[in-house]
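**Q** In the UniProt record's numbering, the protein residues as written are 1 to 255.
This structure is in structure tokens; I'll ask about it shortly.
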Ligand SMILES: Nc1ncnc2c1ncn2[C@@H]1O[C@H](COP(=O)(O)OP(=O)(O)OP(=O)(O)O)[C@@H](O)[C@H]1O
């Protein structure tokens with residue numbers, strides 16, 4: 001069966017530096033894969049190539065067998081490839097509720113235009129309320145986005161991504177910069193999304209203890225190259241991976 005997402009020789013060079021280097025990767029449908037690798041390994045750049053924010057120097061991204069080369073990042077989201085919102089996509093002076101409602105509305109726009117029917121504001125709000133419950137942010141519904149703590153902002157970004165209802169979710173370090181108390185809540189949110197079983201999830205995460213339980217597979221990027229891809233056990237026992245991390249390049253985040 002055609003994997004939902006794959007890359008073929010995906011490569012990008014910045015000047016003389018190859019940040020992502022001929023990566024061939026396969027993502028089965030409804031699979032949960034984590035991406036690990038030291039700082040600067042190319043993880044975020046790899047996401048940007050998949051989501052269309054960057055154009056490859058060489059190689060291609062395929063979604064359901066179709067080349068994404070000619071699609072912009074907005075078009076890719078519409079087709080089903082959703083990247084977690086960066087804080088720059090959030091309106092800081094609108095409330096949490098308004099931000100999520102606008103994301104819900106943007107997804108439904110096409111459908112409602114086709115039906116030539118304007119759905120009530122209340123319907124969008126109800127869906128936004130449900131999403132805020134899922135990400136455990138209901139209590140902050142009426143706070144301005146720029147008043148949220150770092151962890152709460154990440155939850156808001158996830159709610160906005162879920163509002164777009166894409167088949168593939170690309171989550172770039174959803175726990176980055178969070179306090180230790182905030183991490184379990186976001187972990188619960190990701191577990192819940194996984195348990196529902198209707199999404200394909202690709203997660204960049206530094207916290208090994210967090211991803212070992214969650215992931216169906218783990219892929220390791222190193223100097224832009226795909227070093228290994230396998231079950232959590234295979235990756236933990238992989239000698240090349242151990243050498244890469246222990247050979248003086250060990251990343252303290254992975255401890
Ligand atoms: N727009 C850019 N222009 C030039 N170099 C870039 C650009 N984006 C990324 N790089 C370089 O590409 C390499 C890979 O960076 P990237 O952010 O993808 O790594 P990462 O694995 O996500 O790291 P981290 O774990 O620190 O977030 C780095 O050396 C970075 O400096």
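The beta carbon of each residue, even a glycine, is placed where N, CA and C say it ideally should be.
Quick caveat, the model's predicted, so the values are computed rather than measured.
1) If you draw a straight line from the alpha carbon of residue 215 to that of residue 181, how long is it in whole angstroms?
2) Taking the DSSP output, what are the residues bridged to residue 83?
3) Could you tell me which residues DSSP puts in a beta bridge with residue 6?
4) Indicate, with yes or no, if ligand 3 has a heavy atom lying under 7 Å from the CB of residue 42.
5) Return the CA-CA distance between residue 158 and residue 106, expressed in angstroms with no decimal places.
6) Please classify residue 77: is it buried, with 16 or more other beta-carbons within 10 angstroms of its beta-carbon, or exposed?
7) Output needed for residue 165: all residues of its chain with C-beta closer than 7 Å, excluding positions within five of it in sequence on either side, in chain order.
8) Within this structure, are the beta carbons of residue 52 and residue 168 separated by less than 8 Å?
9) Look up residue 209 in the DSSP assignment and say whether it is helix, strand or coil.
10) Go ahead and label residue 16 buried or exposed: buried means 16 or more other beta carbons lie within 10 angstroms of its beta carbon, across all protein chains shown.
11) If I measure Cβ to Cβ from residue 62 and keep anything under 6 Å in the same chain, skipping five residues before and after, which residues do I get?
12) Rounded C-beta distance between residue 137 and residue 96? I'm assuming under 8 Å.
13) According to DSSP, is residue 110 helix, strand or coil?
14) Just tell me which of 143, 48, 93 has its CA closest to the CA of residue 74.
15) Tell me where the alpha helix (DSSP H) around residue 51 begins and ends.
16) Answer with yes or no whether the minimum CB distance from residue 197 to chain C is below 8 Å.
17) Using DSSP with H/G/I as helix, E/B as strand and the rest coil, what is residue 55?
18) Would you tell me roughly how many angstroms separate the C-alpha atoms of residue 114 and residue 202, rounded to the nearest one?
**A** Checking against the coordinates, here is how it stands:
1) Approximately 22 Å between the Cα atoms of the pair.
2) Partner(s): 170.
3) BP columns for residue 6 point to 26, 62.
4) Ligand 3 is absent from the structure shown, which contains only ligand 1.
5) Those two C-alpha atoms are separated by around 15 Å.
6) Burial state of residue 77 is buried, judged by a 10 Å Cβ sphere holding 16 or more other Cβ atoms.
7) So the list reads 107, once near-sequence residues are dropped.
8) In this structure, residue 168 does not lie closer than 8 Å to residue 52 by Cβ.
9) In the three-state reduction of the DSSP assignment, residue 209 falls in the helix class.
10) Here residue 16 is exposed, its C-beta having fewer than 16 other C-beta atoms within 10 Å.
11) Within the same chain, Cβ atoms closer than 6 Å to the Cβ of residue 62 are found at 6, the five residues on either side in sequence being excluded.
12) Yes, they are in contact, since the Cβ atoms of residue 137 and residue 96 sit about 6 Å apart, within 8 Å.
13) Unreliable positioning characterises residue 110 in this predicted model, as indicated by a pLDDT of 46, which lies under 50. The coordinate reading is nonetheless provided below. Residue 110 sits in a helix when the DSSP states are folded into three classes.
14) Nearest Cα to residue 74 within the set 143, 48, 93: 48.
15) DSSP places residue 51 in the uninterrupted alpha helix (DSSP H) bounded by 43-51.
16) Absent from the structure: chain C. Only one protein chain is present.
17) Here residue 55 sits in coil by DSSP.
18) Residue placement at residue 114 is flagged as unreliable, the pLDDT there being 48, under the threshold of 50; a coordinate-derived value is accordingly withheld.
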